[in-house]
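Enquirer:
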Amino acid sequence: MSVTILGSSTVSREAYKAFLSQRNPAAPLEVIDSYYDLESKWGIRADVLAAQMCHETGYLTSWWSKPPRRNMAGIGVTGEVANTNPNTSEWAFKQEDGKWYKGLSFADWTAAVNCHYAHMVAYTTSDERNNASQYDPRFKAARSYFAAKGWKLPIVQVLTDLNGKWAVPGTGYGENIEKIMNLAATFTPPIEKPPTPVIGTAVYTPVEMPVLTDRTDNTSPQAYLADRNPFRPQLLVILDTVGDSSNPDRNDLNLDAAGYQARENISITALQSANGYSVNYYVGAEELGAPVFLICPETGVTSTIHGSDSAPSRWVDPFNTEWKGQYNGSDLLNYIVISIARWGAPDEQPGVQQTRAILGLSLDIARRYSLTPQRVVALQEISPSQLGGTFLVETVRTFLGQQLGSK
């Protein structure tokens, strides 16, 4: 049975704050406070709406969720665009392209969260508790739409009821929100003395460490637009296939890049070497809000470091002593995104899976338990044959081992 929407939370406020901080270190945590502070007022579960907010906004990274808009759930966002000011309160101006986009904006987080609650009231009750239409300008329009559809109130009681109603077509919409809730429930605030990880263990759990993988996992734009996987990966392992320079539109690398761009609404570019083989992805560090590390056989390891507006990202050599002195391992592990290019025949897939397991384990340990780099040593027990090649294991060992301080 799907999760009920009315009632009291089962996932704690503290767990959600820890979870959101891990997903988006820049997220304003007062948003979570607003959800929990207003739960009793509306009689709707804060943990459900917080999960929906995470799903709708990409963990408060989307354009609509940021001030001065603060739209928590795509309320009033229709995709309509205007070149001139429509002169109504339900449009927002986008400086980047000089156009107006339809959707609601809010003066503060409390108003934004109240509107989210009030909009859910339209779906989950047959009345108008707390004068919900005073908080949600779209309340009456939503109820009129339901009536036109012949839907009897309340139209939603559990998360899966949102499929095809809050989101259209909405396949898997409620299920994805429930996945976020379940993941948030596993989080606790950082502990002072974290446990020591087991050396040599290689366990990979996709729900804990989601990744964008190669073509064996459908990475087409159509697939991502259809299911809207809610997890923005902290570890981005892109295992690409050989490119096709004679037909760029069918290049697996470009298709994967387009899929990720469609899902996350960020700029991503696929690169090729002169002989037509795919080399790696380039994703702007400013857009992901994290350092981007690229590992590929042609170039070894290179990286970009996320910078400010006045000091933009620059290329550095991670084997360089300057890099070791300027950036410490703890900072990098908190925000790391890694891309590994796969090369060779499809029968190398077992080695690729091992690579994912080791990288996933190492960074998951560091992130979950705030470990110092000296404790991230799982790679030391892995042989080249398990990772599919001497080059890869030595590169990864150097990157996550020696360069970040493990012994």
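Residue numbering for the sequence shown follows our numbering, beginning at 408 and increasing consecutively.
Every residue, glycine too, gets a C-beta built ideally from N, C-alpha and C.
Quick caveat, the model's predicted, so the values are computed rather than measured.
Between A591, A549, V520 and P561, which lies nearest to V438 when the distance is taken from Cα to Cα?
Expert: Per the Cα distances, V520.
Enquirer: Report the three-state DSSP secondary structure of N589 (helix, strand or coil).
Expert: Helix.
Enquirer: Assuming F553 is part of the alpha helix (DSSP H), what are its boundary residues?
Expert: Element bounds for F553: F546 to K556.
Enquirer: Assign N583 to one of three DSSP states: helix, strand, or coil.
Expert: N583: helix per DSSP, three-state reduction.
Enquirer: Between T417 and W471, what straight-line distance do the alpha-carbon atoms span, to the nearest angstrom?
Expert: Their backbone Cα atoms lie some 28 Å apart in a straight line.
Enquirer: According to DSSP, is L445 part of a helix, a strand, or is it coil?
Expert: Here L445 sits in coil by DSSP.
Enquirer: To test your reading of the DSSP string, which unbroken beta strand (DSSP E) runs of 3 or more residues are found completely within the region 501-542?
Expert: For the region 501-542, whole beta strand (DSSP E) runs of length 3 or above, ordered along the chain, are 506-509.
Enquirer: On a CA-only basis, which of E487, Y524, S512 and T517 is nearest K506? Give me that one, please.
Expert: Nearest option by C-alpha distance: E487.
Enquirer: Span of the alpha helix (DSSP H) holding Q459?
Expert: Per DSSP, Q459 belongs to the alpha helix (DSSP H) from A453 to T464.
Enquirer: What is the C-beta distance between A529 and F546, in whole angstroms, given that I count them as a contact (C-beta under 8 Å)?
Expert: Correct: roughly 5 Å between the Cβ atoms.
Enquirer: Would you check if the distance between the CB atom of K509 and the CB atom of T491 is smaller than 7 Å?
Expert: No, the Cβ-Cβ distance between K509 and T491 is not below 7 Å.
Enquirer: By Cβ distance below 7 Å, which residues in the same chain neighbour Q459 in space, the five residues on each side in sequence not counted?
Expert: Closer than 7 Å at Cβ, skipping near neighbours: A480 and I584.
Enquirer: Check T411 in the structure and name its three-state DSSP category.
Expert: Strand, per DSSP.
Enquirer: Start and end of the alpha helix (DSSP H) containing Q429?
Expert: Segment R420 to R430, the alpha helix (DSSP H) holding Q429.
Enquirer: CB-CB under 6 Å to A549, same chain, minus the five flanking residues each way: which ones, in chain order?
Expert: So the qualifying residues of the chain are A529.
Enquirer: Which whole-angstrom value is the C-beta distance of Y466 and L456, which I expect to be below 8 Å?
Expert: About 14 Å; that fails the 8 Å criterion.
Enquirer: Three-state secondary structure (DSSP) at V565?
Expert: In this structure, V565 counts as strand in the three-state DSSP scheme.
Enquirer: Given S533, which residues of its chain have a CB within under 7 Å of its CB, disregarding the five upstream and five downstream residues?
Expert: So the qualifying residues of the chain are L560 and P561.
Enquirer: Within 10 angstroms of the Cβ of G414, are there 16 or more other Cβ atoms? Answer buried if so, exposed if not.
Expert: Exposed, since its Cβ has fewer than 16 Cβ neighbours within 10 Å.
Enquirer: Tell me W498's beta-bridge partners as DSSP assigns them.
Expert: DSSP lists K509 as partners of W498.
Enquirer: What's the C-alpha gap between R430 and K473?
Expert: Answer to the nearest angstrom: the Cα atoms are 16 Å apart.
Enquirer: Closer than 6 Å by C-beta to S419: which residues in its own chain qualify, once you throw out the five before and the five after it? Chain order, please.
Expert: Same-chain partners within the cutoff: there are none.
Enquirer: Between G577 and L569, which are expected to be in contact by the criterion C-beta below 8 Å, what is the C-beta distance as a whole number of angstroms?
Expert: G577 to L569, Cβ: 7 Å. Contact.
Enquirer: State buried or exposed for E463, treating a residue as buried only when at least 16 other CB atoms are found within 10 Å of its CB.
Expert: So E463 ends up on the buried side.
Enquirer: Quick one, which of F553, P475 and V563 has its alpha-carbon nearest D515's?
Expert: If we check each option's Cα against that of D515, P475 comes out closest.
Enquirer: Let me know if A555 comes out buried or exposed under the rule of 16 or more other beta-carbons within 10 Å of its beta-carbon.
Expert: So A555 counts as exposed.
Enquirer: Give me, in chain order, the residues of the same chain whose beta-carbon lies closer than 6 Å to that of W498; leave out the 5 immediate sequence neighbours on both sides.
Expert: Cβ neighbours of W498 beyond the five flanking positions: W507 and K509.
Enquirer: Confirm, please, whether the CB-CB distance from T531 to V563 is below 7 Å.
Expert: Contact: yes.
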